[in-house]
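Notes follow once the structure below has been shown.
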């Protein structure tokens, strides 16, 4: 079966059941990043060959506005990760991790804005028991091609600060940080390239009955996903389903709200399957020379 062409199909035509099913799949790869008891941003668990990483935004790791939220990889400060929907505690000392900067921002609006955090092998088993790592070393040409298509259903995933709050004396902890995850379904509004990186923009409308949140802070570094939808030619559009989802980008910027709309800007597929993969291959080569 071929991809169904969704360019002229409104998002509301996709069944709620399908959206929830796809959203659950996306959640398996997503995590919140917590530093000093505060939400720092969002990320995606990815794998390349035998190493596991969190793909996120550069400004999440190297916070330019709050030095207390800068990830110091020479320190034993803990990097907290969200692995489940129930109350739990899991963190990794930052000096067990390694940061690989892929895109260093020149402008907040356009970045480039990409970093990887390499995870210690000692932590991978615990994470894999509850989450999945998206394999960047498997079918990369196909995944890149699929990530650059505009039809289908798109999600941007992460943990907005507006949906997070501190709870005192909950579930046996003195203090707990409640982190509400969000997988927002949307469509691509545009793509462009600047320098060596590509970008895509996702639409957010405040005219919809669902009334999205107005501030997506905290979702920076979260994954952008394309869900490839299928249906038989004889079937109605409401019968669409999906077999695959593709990591299609990393979000890092929200435009100002105007005329009841805004856009979420992120890096696109080429930035992942060309720029990020190039950085990972260099890292792999350097390791082989040690």
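Residue numbers (the working numbering): 13 to 302. Cβ coordinates follow ideal geometry from the N, Cα and C atoms, glycine included. Quick caveat, the model's predicted, so the values are computed rather than measured.
Counting only the Cα atoms, residue 191 lies some 7 Å from residue 177. Nearest C-alpha to residue 282 among 214, 297, 205, 249: 205. In chain order, 46, 103 place their CB closer than 6 Å to the CB of residue 92, counting only its own chain and leaving out the 5 sequence neighbours on each side. Distance from the CA atom of residue 133 to the CA atom of residue 58, rounded to whole angstroms, is 13 Å.
Contact annotation: residue 225 and residue 260 have beta-carbon atoms that are not nearer than 8 Å.
Closest by C-alpha distance to residue 74, out of 95, 44, 115, is 115. Annotated three-state conformation of residue 128 is strand, per DSSP.
Bridge partners of residue 105 according to DSSP: 90.
Residue 56 sits buried, since 16 or more C-beta atoms from the chains shown fall within 10 Å of its C-beta.
Taking one beta carbon from each stretch, the segment 139-158 and the segment 247-267 have 3 or more pairs nearer than 8 Å; the two touch.
Contact between residue 252 and residue 241 holds: CB atoms are separated by about 5 Å, below the 8 Å threshold.
The Cβ atoms of residue 95 and residue 139 lie closer than 8 Å to each other. Secondary structure at residue 96: coil, using DSSP grouped into helix, strand and coil. In terms of Cα proximity to residue 174, the closest of 64, 51, 72 is 51.
Residue ranges of uninterrupted alpha helix (DSSP H) with 4 or more members, entirely inside the segment 25-53 and ordered along the chain, are 28-39. Looking at the DSSP output, residue 147 bridges to 59. Between the alpha carbons of residue 69 and residue 246 lies a gap of roughly 43 Å. Boundaries of the alpha helix (DSSP H) around residue 294: 289-301.
No residue range can be given for residue 74, since it is assigned to no beta strand (DSSP E) and is classified by DSSP as neither H nor E. Straight through space, the alpha carbons of residue 165 and residue 171 are spaced by roughly 20 Å. For the set 120, 29, 127, 42, the Cα lying nearest the Cα of residue 289 is the one of 127.
Straight-line measurement puts the Cα of residue 254 at about 11 Å from the Cα of residue 26.
Looking at the DSSP output, residue 115 bridges to 126. In the displayed model, residue 211 falls within a strand according to three-state DSSP.
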